[in-house]
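According to the working numbering, the stretch in the first sequence is residues 73 to 257, in order. Structure, as structure tokens:
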Amino acid sequence: MTPLPRAFFEDDPVPVARALLGATLVVSQPAGILRARIVETEAYRGKEDLACHAAKGRTARTDPMFGPPGHAYVYLIYGMYELLNVVTWPEGRPAAVLIRAVEPPSTLALRTDGPGKLTRALGIGRALNRQDLCAVDSPLSLWPGESVPDAHLGVGPRIGVDYAGEWATRPWRFWDARSKWVSRR
DNA sequence: TAAGTGATACGC
DNA sequence: CGTATCACTTAC
Numbered sequence: 073m074t075p076l077p078r079a080f081f082e083d084d085p086v087p088v089a090r091a092l093l094g095a096t097l098v099v100s101q102p103a104g105i106l107r108a109r110i111v112e113t114e115a116y117r118g119k120e121d122l123a124c125h126a127a128k129g130r131t132a133r134t135d136p137m138f139g140p141p142g143h144a145y146v147y148l149i150y151g152m153y154e155l156l157n158v159v160t161w162p163e164g165r166p167a168a169v170l171i172r173a174v175e176p177p178s179t180l181a182l183r184t185d186g187p188g189k190l191t192r193a194l195g196i197g198r199a200l201n202r203q204d205l206c207a208v209d210s211p212l213s214l215w216p217g218e219s220v221p222d223a224h225l226g227v228g229p230r231i232g233v234d235y236a237g238e239w240a241t242r243p244w245r246f247w248d249a250r251s252k253w254v255s256r257r
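The following block contains the structure:
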């Protein structure tokens, strides 16, 4: 078994966001290893997409999105929450997939039904910004899982990006309709 | 429904 | 420099 290969992330962020549903996020902490199944994602697609941070251009914050695919883009929002993204599209072409919700490891009572909650629960922070997610020995990696069939796929507009005008209506949010861990709102 | 929280980006 | 804004969450 190997992590999802770099080629998986070189694609358009929209199909990658769809395909990431069901994949396993693996967090290797000093304390131990946590595995969580991804159940909700959102695609942020290039400089034209006004909801995408890359619309601001290449800055210190957005730089990871311009880098090689299969790496983490983690940033602080509202002074309190760290959000985890996976960089997609080839180097030089900015795009990312936001991980919005995961199913927590069944043995642990964790709240992972929101992008800020899951990073807090799993101990993911800015220290992991730019981390390669395709390496076997990475502290953070993505592995194949049981995918979500079309019959159980939820699709809708992205959350919290009303400022982006028409771009806010794009159906670039995906979720597993069977999961109780999808974020509310 | 609104406040909390601090890095970021941009204007002066 | 100052300050508006923000891919969220939780408690009124």
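Here a beta-carbon is modelled for each residue, glycine too, at the ideal position from N, C-alpha and C.
Boundaries of the alpha helix (DSSP H) around A79: 78-81. Boundaries of the alpha helix (DSSP H) harbouring G188: 187-194, taken from the DSSP string. Taken atom to atom, the span from the alpha-carbon of Y153 to that of S178 is near 24 Å. Looking at the DSSP output, Q203 sits in no beta bridge, so it has no partner there. Residue P166 holds the alpha-carbon nearest to the alpha-carbon of P140 among L148, G118, L156, P166.
Between R133 and F246, the gap from beta carbon to beta carbon reaches 9 Å or more. Contact check between the stretch 211-218 and the stretch 86-104: three or more CB pairs, one atom from each, fall below 8 Å, which counts as touching. D248 is bridged by DSSP to L225. If you keep only unbroken alpha helix (DSSP H) runs of at least 4 residues inside the stretch 122-185, you get 135-138. CA-to-CA, the gap between P87 and A144 works out to about 18 Å.
Contact between the stretch 222-233 and the stretch 191-205 is not established, with fewer than three Cβ pairs separated by less than 8 Å. In this structure, the beta-carbon distance from V174 to T160 does not fall below 9 Å. Cβ-Cβ distances below 7 Å link G237 to L122 in the same chain, with the five nearest sequence neighbours on each side left out; the list follows chain order. Put simply, of W239, E163, G142 the residue whose alpha carbon is nearest the alpha carbon of E120 is W239.
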